[in-house]
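What follows is one structure encoded as C-alpha cells, with my remarks underneath.
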Amino acid sequence: MTKKAIGVFDSGLGGLTILKALRQTLPHENLIYFGDSANVPYGSKSKQTVTRFSLDIARFLEGQGIKMLVIACNTASALALPELRKRCGVPVLGVIEPGAQKAARVTRSGRVAVLGTEATVKSNAYPKALLKQNPHLHIVQQACPLFVPLVEENWAKTPAARLIAQTYLAPVKQSKADTVILGCTHYPVLKEVIAGVLGPRVQLVDSAQSLAEAAQSFLQQHGQAETSGRGKLTVYASDDPARFKRLAAYLLADKIGTVHLKKLNA
Ligand code: DGL
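Using my numbering, the first residue of the sequence shown is number 66, and each one after it goes up by one.
Next up, the structure:
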C-alpha cells in the first residue's frame, strides 16, 4: 500500500523552513509541498483573499490523497485556519498555536514580542493564542514587512538587513520582552541579525520545530505515523518553478528535487 502524504503549503518559499523541520522530525513520511509563488506575498492581503487562496490549495492537496494538512505560513494560519478546519476532510495544523505554546512556556518575565507580517499582526492571532496559554502575559507586536523581500533577495547578511532590523526592533527592545516569536516563515533566515540586535538575553521562538512535534504527536496518537522507509518529497509551485528551485537552494541549502508547476484558479 502506498503511504498517504502530509500536505504542506505556504504563500511561497518561506514554508520551506517548516518543511525542513518536518523532514527531520518525520523522516518516514511522504510530504507534498505547495508554494503559492503566483500569489505571494500573503502578508499584505485581506483575510478574504488569503482564505480563498488557501482553500484552493487545500482542495488541490486533498485531491492528492493527503492524511493531514499543515499550514506552513503564519499569515494563512492567522487568517484562514478556522475556515480550512471547517471545509477540509483531513486534520489541519497551523503554526500559530505551537509557536504561542512554546513562547508561553519559555518566557521568564512574562513579556513576549511577536514579529510578523502586517496581516498576521492585524489579526491578533498570536496575542489571542498567547493569552489562552497565560492571561497574565504582556504582549507587543511588530510588523516587519521589509524582512520578506530582504530574505528573498538573499540580503540577510548585508548591512541593510541590520539597519532595517535595528529600526523595526527598537520598540521591541523598549518593551523589555525576553521572548520574541519569529511569527513569519522567512524570519528564521534572519535569526542571526535579529539576535545580534536584540542581544543574548532574548530568546527567539521559531515555531517550525514545535509544529513538527505537534504533527508527530498527532499522527502517533491516531496510529497514522509511518515508522519505516524513507519519505518522498514532491514540490509544486504555482508560478515560475525554476526561480522557486533556485531561491530554495540558497535559502535552505536543502535539496528539494524537481519543482512541478501547478496553476490554481484563484
Ligand atoms: N509565509 C508568510 C508568513 O509566514 C510570509 C510571506 C508572505 O507575506 O506571503 O506570514
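Beta carbons: idealized from backbone N, C-alpha and C, even for Gly. Here the structure is a predicted model, which means the values were calculated and not measured.
Delimiting residues of the alpha helix (DSSP H) encompassing residue i
i: residue 121; result: 112-128
i: residue 144; result: 139-152
i: residue 81; result: 81-90
Reference residue i, options the options, closest by Cα
i: residue 220; options: 140, 88, 312, 187; result: 312
i: residue 282; options: 124, 105, 158; result: 158
i: residue 76; options: 154, 261, 110, 240; result: 110
i: residue 201; options: 193, 208, 207; result: 193
i: residue 244; options: 268, 259, 264; result: 268
i: residue 223; options: 83, 257, 241; result: 257
i: residue 271; options: 68, 79, 114, 309; result: 79
i: residue 133; options: 154, 118, 120; result: 154
i: residue 315; options: 82, 68, 73, 69; result: 82
i: residue 178; options: 329, 101, 238; result: 238
i: residue 67; options: 293, 328, 322; result: 293
i: residue 141; options: 190, 261, 198; result: 190
i: residue 328; options: 71, 70, 118; result: 118
i: residue 264; options: 230, 249, 250; result: 230
i: residue 198; options: 168, 88, 309, 298; result: 168
i: residue 295; options: 217, 88, 323, 152; result: 88
For residue i, three-class secondary structure by DSSP
i: residue 134; result: strand
i: residue 191; result: helix
i: residue 173; result: coil
i: residue 155; result: coil
i: residue 288; result: coil
i: residue 105; result: coil
i: residue 179; result: strand
i: residue 167; result: helix
i: residue 78; result: coil
i: residue 160; result: coil
i: residue 67; result: coil
i: residue 275; result: helix
i: residue 282; result: helix
Residue i: first and last residue of the uninterrupted beta strand (DSSP E) it sits in
i: residue 96; result: 96-100
i: residue 72; result: 71-75
Can you find at least 3 beta carbon pairs, one from the stretch 267-279 and one from the stretch 146-164, that sit closer than 8 Å? yes
Where are the alpha helix (DSSP H) runs, 4 residues long or more, that stay fully inside the stretch 196-272, in chain order? 212-217, 224-239, 256-263
When you compare the stretch 90-107 with the stretch 124-131, are there three or more beta-carbon pairs, one atom per stretch, that lie closer than 8 Å? yes
Give a yes or no on contact between the stretch 297-312 and the stretch 101-108, applying the rule of three or more CB pairs nearer than 8 Å. yes
Could you name each continuous beta strand (DSSP E) segment of 3 residues or more that falls completely within the stretch 295-331, going from the start of the chain to the end? 298-302, 324-326
Measuring CB atoms only, is the stretch 118-126 touching the stretch 226-236, in the sense that at least three cross pairs come out at less than 8 Å? no
Kindly confirm or deny that the stretch 167-176 and the stretch 146-157 touch, where touching means at least three C-beta pairs closer than 8 Å. no
So, does the stretch 280-296 touch the stretch 206-224, judging by three or more C-beta pairs under 8 Å? no
Stretch-stretch touch, CB-based, cutoff 8 Å, three pairs: the stretch 288-297 with the stretch 246-260: no
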